[in-house]
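Protein chains in written order, with UniProt numbering: chain A, 1 to 511; chain Y, 1 to 511. Yeah, the Cβ is synthetic: ideal placement off N, Cα and C, and Gly gets one too. Heads up: the structure comes next, in structure tokens.
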């Protein structure tokens with residue numbers, strides 16, 4: 001055989017037809033190949049081999065699962081959903097399969113596991129490979145675990161943050177001051193962003209806000225905003241919105257400001273490890289990438305919130321301020337009350353309804369949501385120089401009261417693609433107080449779980465509507481909260497969950 | 001609907017028919033279910049949900065992968081090979097799918113991640129869940145990472161070792177002295193076990209040796225032995241072999257002496273992390289479970305061996321002796337030279353060939369392998385009381401020289417199922433010296449990598465045959481080593497790897 005013919009032969013030995021299996025492996029790209037396929041046999045691939053898949057100009061590293069079975073046709077490479085989306089091949093396109101390049105950055109992960117400090121070069125190498133999708137879930141888990149707790153010192157956290165900024169897009173708004181906010185951890189119903197952005201933008205500041213969808217909660221800010229307007233904007237559409245209105249509230253995932261963070265989250269979610277360094281790097285890298293200069297961090301503290309003590313909040317807050325300074329962000333903190341849900345609704349549409357009530361100045365609008373939003377907006381107005389120190393809150397209240405914030409919110413929604421009607425659910429179940437007394441505590445985590453079982457955030461109108469707050473007196477039989485669901489089955493499922501748990505609302509019987 | 005009918009309805013909602021997908025996910029049980037199946041819909045399962053699968057009296061915890069696609073029939077639960085073997089269902093058997101029970105022991109893993117000490121109760125809880133298959137690969141990775149390096153102190157290592165012994169079988173040989181040996185870490189070609197066991201057994205000691213397959217190396221002792229005789233013996237067959245011959249060399253995994261170790265290894269292999277505590281617990285738990293009383297630990301030291309300095313060997317050795325004492329094992333150490341490969345072959349069949357040459361007293365047998373085996377056998381003969389102190393080496397040499405060891409080895413192979421022929425490969429490539437000089441150093445790790453890329457240990461005949469040793473003079477063009485492969489693709493791949501690396505053999509040009 002000539003050299004040319006041999007090379008051609010060799011190329012053919014490493015090609016298979018792309019086939020979409022529809023298997024959702026969460027985000028890890030997996031390729032399914034028959035053990036008797038020409039590629040496995042000629043290359044000596046076995047299960048767990050890390051392989052490089054190439055389709056046209058796109059490539060992705062995937063983990064191989066070898067298959068013995070006829071459901072996978074001969075000559076095809078079955079792709080998991082993550083692999084399919086990474087390659088985006090035409091139907092029946094050729095996929096070239098080869099060994100994944102050696103991952104030299106794993107030596108840094110090992111060094112960190114063994115307790116050594118990593119320098120900026122090491123973090124750049126690791127995060128570069130992570131963002132490029134070269135780490136398997138196991139490698140990601142080792143890296144996340146090795147950095148968990150307080151294992152990253154200040155300079156390591158700075159280096160990690162810079163590395164995460166470096167691999168993403170970085171927006172430039174051509175303005176001296178660009179404000180932003182972030183709320184750490186879950187507090188059901190805490191949708192202040194949808195109020196803060198229009199208030200602040202109405203005062204002339206620039207606030208291009210990217211928000212996340214729910215990861216483990218019944219609604220993320222992006223999910224709630226999506227009830228009212230499109231949020232899947234690309235960077236060009238986001239830019240048009242901000243240039244026209246001074247603000248936006250879009251989904252961060254579609255602008256991919258921090259691609260490394262998008263990857264790390266896939267193991268952080270199931271592992272559920274607290275990691276101060278990674279939290280700081282995740283938050284601040286996205287703010288820096290969004291082109292922000294001044295960032296307000298809202299830290300709700302409570303026994304069932306993410307941050308459980310004021311000391312923990314202060315320690316985390318210090319780290320956020322220090323790392324922010326190192327990467328050129330001015331960070332300010334507000335430690336807030338995280339004892340109970342904010343507003344009444346928990347779930348995208350129910351929360352959107354609360355937001356609209358506040359913006360429209362309705363008499364029945366939840367006052368806690370309004371007060372929280374005004375305090376945060378006031379802080380940002382002062383931070384961004386739109387109000388003298390001490391008068392931000394007053395300015396924010398004026399702008400909300402006189403309808404400028406509501407007008408600005410409508411303008412933002414229009415610019416993002418049009419204001420939408422809030423949907424409602426057909427199936428509801430009211431949960432009432434078993435005894436008379438006073439509401440002593442509310443378990444935020446279990447309440448959030450009930451809202452998810454009722455269908456939130458997949459069914460945007462589903463969730464929980466809360467009717468009583470801590471300290472409220474209640475009569476036996478008085479409604480405490482209402483489950484909202486899109487289907488009878490989901491209502492049943494959430495209702496059964498609530499019935500079989502200790503009460504979500506603790507009622508202390510009065511003497 | 002009556003309560004009874006409703007309960008029946010609910011039971012039916014959680015059942016699917018078992019279907020074997022043939023997908024090899026290495027060892028993690030995965031269940032594939034259609035997103036529109038009744039179970040996903042009624043239970044709210046999503047991808048990555050940890051579910052409990054029950055088929056008849058057997059159950060297993062698996063990770064769910066949701067599928068959109070018609071290759072998976074409606075109403076079936078597709079099982080990965082690991083899930084299929086764990087449940088062993090009849091064809092079309094009903095599988096009940098429910099949420100996996102809460103894993104309380106994860107709180108201990110998190111505590112360890114955050115740097116806290118774990119007590120015996122914590123290790124028992126974690127290892128109990130690990131051995132029962134309740135940990136996903138991500139949880140295993142977090143645990144292994146959190147215990148890596150020197151993160152386990154002495155009492156934690158003792159507790160981990162005891163916990164690992166407690167979940168496995170523990171053999172009882174009814175004899176006062178049962179000897180064993182273990183070699184720490186990789187030294188390519190170091191197959192002294194296949195020589196030590198027959199020598200020691202020929203002198204009347206009992207040595208029921210369980211060995212591992214390759215984890216990250218081109219051959220484990222069990223892989224090499226399997227070239228010569230079956231090693232997948234169950235405990236009854238192992239017992240028959242030892243009762244008949246005084247020794248055996250079997251695969252530890254098939255007798256499941258340390259089921260927790262068998263599970264941990266599935267993430268340790270790809271992560272490739274060093275962990276003193278886990279190494280000690282892994283080694284000693286298997287020795288204790290095998291019913292050993294006296295254990296010789298061979299610690300090869302060299303710049304590219306697993307243990308790189310005499311100090312590191314002594315520190316690890318102390319830990320092995322201390323933990324051994326705590327669990328009732330008498331542990332003795334021999335620190336050996338780990339500068340270069342032992343024998344000539346690297347890979348199961350090539351190593352087996354070297355072993356046979358030594359046993360048969362062939363003139364071309366590798367002397368380094370022979371000398372190493374004699375020293376270790378001599379130590380064990382003294383440790384087990386079969387030779388007075390100082391005369392073990394001489395006795396070992398006599399038994400090897402007069403053919404008693406070879407006869408014993410053949411008896412052991414026969415008892416294990418029959419002595420086999422050693423296979424050879426069709427594809428070979430000779431790597432030669434680029435310059436004349438003297439061999440100054442050999443990179444064991446890169447050499448092992450080349451042997452693996454050539455196909456070892458999956459292709460037992462594949463690997464590397466080494467033709468020169470440190471200190472040998474070589475001419476330019478003289479063969480240094482030969483790659484052996486079962487397929488042209490693998491030979492090509494290994495050859496390309498060798499060509500594009502710095503030379504594996506360092507040749508210092510003579511003045």
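Close Cβ partners of residue i (< 8 Å) along its chain, the five nearest in sequence each way excluded
i, result
"residue 176 of chain A", "293"
"residue 141 of chain A", "267, 271"
"residue 256 of chain A", "168, 169, 262"
"residue 511 of chain Y", "Residue placement at residue 511 of chain Y is poorly supported in this model, since its pLDDT is 48, which falls under 50; the coordinates are not used for a value here."
"residue 14 of chain Y", "39, 42, 43, 96, 97, 98"
"residue 231 of chain A", "211, 222, 225, 249, 250, 251, 254, 416"
Cβ neighbours of residue i in the same chain (closer than 6 Å, five flanking residues each side left out)
i, result
"residue 8 of chain A", "Only weak support exists for where residue 8 of chain A lies, its pLDDT of 46 falling under 50; the coordinates are left without a value."
"residue 86 of chain A", "29, 60"
"residue 509 of chain A", "435, 437"
"residue 182 of chain A", "283, 297"
"residue 4 of chain A", "Low per-residue confidence applies at residue 4 of chain A: pLDDT is 49, beneath 50, and the placement is therefore not dependable enough to give any value."
"residue 302 of chain Y", "338, 339"
"residue 505 of chain Y", "439, 442, 480"
"residue 78 of chain A", "19, 21, 32, 72"
"residue 6 of chain A", "Confidence at residue 6 of chain A is low in this model, with a pLDDT of 44, below 50, so its placement is unreliable and the value that follows should be read with caution. None."
"residue 384 of chain Y", "177, 179, 205, 294"
Residues of its chain near residue i, where Cβ-Cβ distance is below 7 Å and the 5 sequence neighbours each way are ignored
i, result
"residue 108 of chain Y", "118, 122, 125, 126"
"residue 82 of chain A", "25, 27, 28, 29"
"residue 113 of chain A", "142, 146"
"residue 193 of chain Y", "181, 209, 211, 221, 249"
"residue 46 of chain A", "66"
Beta-bridge partners of residue i, as assigned by DSSP
i, result
"residue 481 of chain Y", "Y:431, Y:466"
"residue 147 of chain Y", "Residue 147 of chain Y is not bridged to any residue."
"residue 25 of chain Y", "Bridge partners of residue 25 of chain Y: none, in fact."
"residue 508 of chain A", "A:438"
"residue 181 of chain Y", "Y:296"
"residue 330 of chain Y", "Y:294"
"residue 337 of chain Y", "Y:301"
CB-CB length for residue i against residue j, believed under 8 Å
i, j, result
"residue 173 of chain A", "residue 208 of chain A", "7 Å"
"residue 476 of chain Y", "residue 411 of chain Y", "Contact doesn't hold; Cβ gap of about 48 Å is too wide."
"residue 392 of chain Y", "residue 381 of chain Y", "4 Å"
"residue 130 of chain A", "residue 260 of chain A", "5 Å"
Where residue i meets chain A, residues with beta-carbon distance less than 9 Å
i, result
"residue 490 of chain Y", "42, 43, 44"
"residue 348 of chain Y", "Result: empty, since nearest Cβ-Cβ is about 15 Å, beyond 9 Å."
Contact set between residue i and chain A, taken where Cβ atoms lie within less than 8 Å
i, result
"residue 395 of chain Y", "Chain A residues near residue 395 of chain Y: none, gap ~43 Å exceeds 8 Å."
"residue 493 of chain Y", "43, 44, 99"
"residue 14 of chain Y", "Under the 8 Å cutoff, chain A gives no residues; its nearest Cβ is about 12 Å from residue 14 of chain Y."
"residue 458 of chain Y", "44, 46"
"residue 428 of chain Y", "Per Cβ cutoff of 8 Å: no residues; residue 428 of chain Y is ~16 Å from chain A at best."
"residue 455 of chain Y", "44"
"residue 267 of chain Y", "138"
"residue 487 of chain Y", "41, 42, 44"
Partners in chain A for residue i, counting only beta-carbon separations shorter than 7 Å
i, result
"residue 69 of chain Y", "21, 22"
"residue 149 of chain Y", "113, 114, 115"
Under 9 Å from the C-beta of residue i: neighbouring residues of chain Y
i, result
"residue 65 of chain A", "23, 24, 25, 26, 30, 80"
"residue 137 of chain A", "137, 138, 141"
Neighbour list for residue i in chain Y, Cβ cutoff strictly below 7 Å
i, result
"residue 110 of chain A", "273"
"residue 198 of chain A", "Going along chain Y, no residue has its Cβ under 7 Å from residue 198 of chain A, so there is no contact; the nearest lies around 34 Å."
Any non-hydrogen atom of the ligand SAM closer than 7 Å to residue i Cβ
i, result
"residue 112 of chain Y", "For the ligand SAM, the structure offers nothing, since it holds no ligand at all."
Contacts of residue i in chain Y (Cβ-Cβ under 8 Å)
i, result
"residue 145 of chain A", "113, 141, 142, 145, 146"
- request: Determine, using beta-carbon pairs with one atom in the stretch 88-100 of chain Y and one in the stretch 48-68 of chain Y, whether at least three such pairs fall under 8 Å.
  value: When Cβ pairs closer than 8 Å are counted between the two stretches, the stretch 88-100 of chain Y is seen to touch the stretch 48-68 of chain Y, the count reaching three or more.
- request: Report yes or no: do the stretch 358-369 of chain A and the stretch 319-331 of chain A share at least 3 C-beta pairs separated by less than 8 Å?
  value: Between the stretch 358-369 of chain A and the stretch 319-331 of chain A there are fewer than three inter-stretch CB-CB distances shorter than 8 Å, so the stretches are not counted as touching.
task: Would you be able to state if there are at least three C-beta pairs under 8 Å between the stretch 466-486 of chain A and the stretch 336-347 of chain A?
output: Counting Cβ pairs under 8 Å, three or more are found: they touch.
- request: Inspect the CB distances between the stretch 209-219 of chain Y and the stretch 237-253 of chain Y and report whether three or more fall short of 8 Å.
  value: When C-beta atoms of the stretch 209-219 of chain Y are compared with those of the stretch 237-253 of chain Y, three or more pairs fall below 8 Å, so the two segments count as touching.
query: Do three or more CB pairs link the stretch 366-378 of chain Y to the stretch 218-225 of chain Y at distances below 8 Å?
result: Output reads no: the stretch 218-225 of chain Y does not touch the stretch 366-378 of chain Y.
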